[in-house]
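Undergrad:
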Amino acid sequence: MRWPARPFLLPLLALFCSAQAAPQSPQHMYGPLFEAVQGERVFPDGKTFVDAVAKAPPADILRAYAVERPSGREALRAFVARWFTLPDAAPALPLRAHIAALWPQLTRPALEAEPGSSALPLPAPYVVPGGRFREIYYWDSYFTMLGLKADGRQDLIDSMLADFESLVARYGFVPNGTRSYYLGRSQPPFLALMVDLGTPAAGHLAALRAEHDFWMRGADGVLRNGAAARVVRMPDGALLNRYWDDREGPRDESWAEDVATARESNRPASDIYRHLRAGAESGWDFSSRWLADPQRLATIRTTDIVPVDLNSLLWALERRIADGCAAVGDAACATRFEGLAKARARAIDRWLWLPKERRYADWDRQTREPTTVLSAATLYPLFVGLAGKAQADAVAGLTRVRLLAAGGLRTTLLATGQQWDQPNGWAPLQWIAVEGLARTGHDALAKEVARRWIATVDAAYRETGKMLEKYDVEERRPGGGGEYPLQDGFGWTNGVTRALIARYPDLDPDGAPVADRQ
827 MRWPARPFLL PLLALFCSAQ AAPQSPQHMY GPLFEAVQGE RVFPDGKTFV
877 DAVAKAPPAD ILRAYAVERP SGREALRAFV ARWFTLPDAA PALPLRAHIA
927 ALWPQLTRPA LEAEPGSSAL PLPAPYVVPG GRFREIYYWD SYFTMLGLKA
977 DGRQDLIDSM LADFESLVAR YGFVPNGTRS YYLGRSQPPF LALMVDLGTP
1027 AAGHLAALRA EHDFWMRGAD GVLRNGAAAR VVRMPDGALL NRYWDDREGP
1077 RDESWAEDVA TARESNRPAS DIYRHLRAGA ESGWDFSSRW LADPQRLATI
1127 RTTDIVPVDL NSLLWALERR IADGCAAVGD AACATRFEGL AKARARAIDR
1177 WLWLPKERRY ADWDRQTREP TTVLSAATLY PLFVGLAGKA QADAVAGLTR
1227 VRLLAAGGLR TTLLATGQQW DQPNGWAPLQ WIAVEGLART GHDALAKEVA
1277 RRWIATVDAA YRETGKMLEK YDVEERRPGG GGEYPLQDGF GWTNGVTRAL
1327 IARYPDLDPD GAPVADRQ
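Going by our numbering, the sequence shown opens with residue 827, and the numbers climb by one from there.
(1) Classify valine 1154: buried if its beta carbon has 16 or more other beta carbons within 10 angstroms, exposed otherwise.
(2) Looking at the structure shown, is aspartate 978 part of a helix, part of a strand, or coil, going by DSSP?
(3) Which full runs of the alpha helix (DSSP H) of 4+ residues lie inside the stretch 1087 to 1116, going along the chain?
(4) Assign tyrosine 891 to buried or exposed, taking buried as 16 or more other Cβ atoms, counted over all protein chains shown, within 10 Å of its Cβ.
(5) DSSP three-state call for asparagine 1137: helix, strand or coil?
(6) Looking only at its chain, what residues have a beta carbon closer than 7 Å to the beta carbon of leucine 1229, apart from the 5 residues adjacent to it on each side?
(7) Which residues in the same chain as isoleucine 1327 place their Cβ atom closer than 7 Å to its Cβ, once the five residues preceding and following it in sequence are excluded?
(8) Less than 8 Å separating the beta-carbons of isoleucine 1126 and isoleucine 1098?
(9) Should the stretch 1010 to 1025 be called in touch with the stretch 1136 to 1146, which here means at least 3 C-beta pairs below 8 Å?
(10) On the DSSP bridge list, what partners appear for tryptophan 1189?
(11) In this structure, how does DSSP classify glycine 857 when only helix, strand and coil are distinguished?
(12) If you draw a straight line from the C-alpha of proline 1076 to the C-alpha of glutamate 1289, how long is it?
(13) So, helix, strand or coil for phenylalanine 1163, using DSSP?
(14) Work out the CA separation of aspartate 1111 and leucine 1240 for me, nearest whole Å.
(15) Grab me the residues of alanine 915's own chain with a C-beta within less than 7 Å of its C-beta, minus the 5 sequence neighbours each way, in chain order.
(16) Answer with buried or exposed for alanine 1187, where buried requires no fewer than 16 other C-beta atoms within 10 angstroms of its C-beta.
(17) Just mark alanine 1285 as buried or exposed, buried being the case when its beta carbon has 16 or more other beta carbons within 10 Å.
(18) Determine the burial state of serine 992: buried for a count of at least 16 other Cβ atoms within 10 Å of its Cβ, exposed for fewer.
(19) In the DSSP output, which residue or residues are listed as bridge partners for leucine 1235?
(20) Just checking my contact of glycine 1233 with glycine 1307 at CB under 8 Å: how many whole Å lie between their CB atoms?
(21) Let me check you understand the geometry: is the CB of alanine 1054 closer than 7 Å to at least one non-hydrogen atom of the ligand NAD?
(22) Taking its Cβ as the centre, do 16 or more other Cβ atoms sit within 10 Å of lysine 1292, making it buried, or is it exposed?
(23) Can you pull the DSSP bridge partners for valine 879?
(24) Label leucine 838 either buried or exposed according to how many other C-beta atoms from any shown protein chain fall within 10 Å of its C-beta, with 16 as the threshold for buried.
(25) Short of 6 Å in beta carbon distance, which residues of its chain neighbour arginine 1170, apart from the five on each side in sequence? Order them along the chain.
(26) Return the first residue and the last residue of the alpha helix (DSSP H) that asparagine 1051 is part of.
(27) Tell me, to the nearest whole angstrom, how far the beta carbon of alanine 1055 is from that of aspartate 1072; I am working on the premise that it is less than 8 Å.
(28) Tell me the rounded alpha-carbon separation between histidine 1268 and glycine 872.
(29) Hey, valine 954 and methionine 986 are a contact pair by Cβ (cut 8 Å); roughly how many whole angstroms apart?
(30) So, does the stretch 1051 to 1065 touch the stretch 1028 to 1038, judging by three or more C-beta pairs under 8 Å?
(31) Identify, in the order they occur along the chain, each residue of the same chain with its Cβ nearer than 7 Å to the Cβ of alanine 1148, setting aside the five sequence neighbours on each side.
(32) What are the boundary residues of the beta strand (DSSP E) that leucine 1066 is part of?
(33) Cβ of threonine 874 within 8 Å of Cβ of proline 849?
(34) Give the secondary structure of isoleucine 1280 by DSSP, where H, G and I count as helix, E and B as strand, and everything else as coil.
(35) In or out: phenylalanine 1259 buried (at least 16 other Cβ within 10 Å) or exposed?
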C-alpha cells in the first residue's frame, strides 16, 4: 500500500529526518568547572547547579574560570553566583524578614486541652518549634526568646514565661514539653535565664525556687548508692546533679524505638528505658556523651553521667535565686543560695575541670573518672559566667582548634549517626559558644563562630527556603541522624540566628556582598 502524497508534510519530514545535534548537558558543557562545583558540593542539592541559567556564553565562562581558578567551596560559590542565575536563588523574603514572618506561623493561642488529648493546657500564647513539635518545649523556648527579643516581641516572651510558671505551679517543675507523656522529666533548666529576658514580675522568684527544689529533691535525705533521682554525691561528699526521668518503661512517643534498643542491649530493659528517658531530659537525645560504646545506642548510660552543662545551669539558677532573695530583703534565703552556688562551683572545679586537657568534662559515676568525650558542653561554664580567666582562655583555644568547623561549632568530634554528634551543629550550642566566648574576652572567636553559623543557615535557606532544626557544619548543609526526619520551622534556629544578626549587624547576609555570604 502506498500512502497518498501530502505536500504539506514534506517540510516536517525534512525537519525530523535531518541530523540534529543533541544539546550538551552541563557536565559536558562546563567540564572542569562542573566537576569542581559538584565535587566540592558547593550546593547541598546536586540539581541546583545543573538547573542554573548561564549569564554569558559557556566559552566566556570557561575562559574566566581558567584565568581565576577559584578553589574551595566558598570561592566556587562566589564564581557561580557571578556567572549564573540559580534556580530559586532569591527567597521571597530576606533571611531576617523571613524569621520575623515565621513568628506568627509558630505562635499558638492559650490552650484548653480537649478530653482525650495528651496536650497540657496553657493560659497564654506560646511559640512552638515547628514540624512534628506541635507543643511548647522547655529549653527550646529560651533560644526562641532570644529571637523574639531581637524582633521586639516582648509580649510573647512574657506570655511564655506565664505558661512556664503555670506549669511549675501545677506540676512542681517545667516538663520536657506540654504533653502528658512528658511529665516524668524536665529539660536543661533555662528558666532563670528566661527570666532575665522577661519583664520583672513577682512570681518569677517563687517559680525559680520551686524548680531548684525539683532538681535537688532527695538531697536532704540519705542518698542510695550516692544518688537520689537527679542528685549525686561526689566522692568528697559534694552534691552535683544528673539527668533522670521519674517514669519507667519505653517513652510513649518513641515506644517502638526504645523497645528495639532494649532488645539489642543484653541488659535489663528497665535500665535501658531509664537511660533513654534521662537522655531525653538532657535535650541531647542522643549523643556519644551518654554511650559506653559511641557506635551503639544500646550501651546508653545517661544516669551514670554527671554533666557539665546541667551543673553550670544549676549554678546560674542558684545565683539568680540568691540575687532575687537579696532584692526582696530575704537575707536568709540569699545567704543559703549563695552558699549553694559556691559549693557547686567548687565541685565543678574539682570534678569537671581538666586543666591538662584544657576542657570541662562530664564525669562517670561508674568509672569514677571524667569521660573522654569532648563536646560543645565544655563551653557552658563560660556561658553562665562560672569559668575563671585561665579556664576560659584554655577552653577558647581548644574550641578554635578542635570544635570550630567550616559551618559553625561542632557538637562532638565523634561521628556516630546520633544527631547530637559530629557532623551536626545545633543553634543552642552556637549561642552558648558565642555568648560564653564574648563574655570572657574572646570576641574575635565568638564573632567567627557566629559568622560561620549564619552563613550555613543562610546558604540552606537560599537553597530550600526553610529554617532547619540542625545542620551539618562540616559540609554546610542540612543535618541528619536521630530518630526522626529533619524538621523545619524552626524555633531555636530562628531565635539564635536572629539574635546573632542583632549582635553582629555586619553579618546580616542580606546586607553583605554575595561573596561574603558563604
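Ideal Cβ positions, reconstructed from N, Cα and C, are used throughout, including at glycine.
Quantities reported herein were computed from a predicted structural model and do not represent experimental measurements.
TA: This is what the structure holds:
(1) Classification for valine 1154: exposed.
(2) The question names aspartate, yet the displayed sequence has glycine at residue 978. In this structure, glycine 978 counts as coil in the three-state DSSP scheme.
(3) Here the runs fully enclosed are 1095 to 1108.
(4) When all chains shown are included, tyrosine 891 counts as buried.
(5) If DSSP states are grouped into helix, strand and coil, asparagine 1137 belongs with the helices.
(6) Non-local C-beta neighbours of leucine 1229 in its own chain, meaning closer than 7 Å and more than five positions away in sequence, comprise Ala1202, Leu1235, Arg1236, ordered along the chain.
(7) Same-chain partners within the cutoff: Arg922, Ile1280, Leu1333, Asp1334.
(8) Yes, Cβ-Cβ distance for isoleucine 1126 and isoleucine 1098 is below 8 Å.
(9) In this structure the stretch 1010 to 1025 lies against the stretch 1136 to 1146, because at least three pairs of beta carbons, one per stretch, are closer than 8 Å.
(10) Tryptophan 1189 is bridged to Val1132, Pro1196.
(11) Glycine 857: helix per DSSP, three-state reduction.
(12) Near 38 Å, if we compare the C-alpha coordinates of glutamate 1289 and proline 1076.
(13) Here phenylalanine 1163 sits in helix by DSSP.
(14) Rounded to the nearest angstrom, the two C-alpha atoms are 15 Å apart.
(15) With a pLDDT of 49 at alanine 915, under the threshold of 50, the modelled position of that residue is not reliable, and no figure is offered here.
(16) Result: buried.
(17) When all chains shown are included, alanine 1285 counts as buried.
(18) Counting Cβ neighbours within 10 Å, serine 992 comes out buried, since at least 16 surround it.
(19) Answer is Leu1230.
(20) Contact flag wrong, Cβ pair sits at about 16 Å.
(21) Absence of the ligand NAD from the depicted structure is noted, as is the absence of any ligand whatsoever, leaving it without description.
(22) By the beta-carbon neighbour count (other beta carbons within 10 angstroms, threshold 16), lysine 1292 is buried.
(23) In the DSSP assignment, valine 879 forms a beta bridge with Thr911.
(24) Per-residue confidence for leucine 838 stands at a pLDDT of 41, beneath the threshold of 50, marking its modelled position as unreliable; the derived number appears in the next sentence. Result: exposed.
(25) Answer for arginine 1170: Trp1141, listed in chain order.
(26) For asparagine 1051, there is no enclosing alpha helix (DSSP H), as DSSP gives it neither H nor E.
(27) Contact flag correct, Cβ pair sits at about 7 Å.
(28) When rounded, the distance between both Cα atoms is 38 Å.
(29) A Cβ-Cβ separation of about 11 Å leaves valine 954 out of contact with methionine 986 under the 8 Å criterion.
(30) Counting Cβ pairs under 8 Å, fewer than three are found: no touch.
(31) Scanning its chain for C-beta atoms nearer than 7 Å, with the 5 sequence neighbours on each side dropped, one finds around alanine 1148 the residues Ala1160, Phe1163, Glu1164, Ala1167, in chain order.
(32) Note, leucine 1066: beta strand (DSSP E), 1065 to 1067.
(33) Contact flag unset, no.
(34) It is helical.
(35) Rather than phenylalanine, the amino acid found at residue 1259 in this sequence is alanine. Buried.
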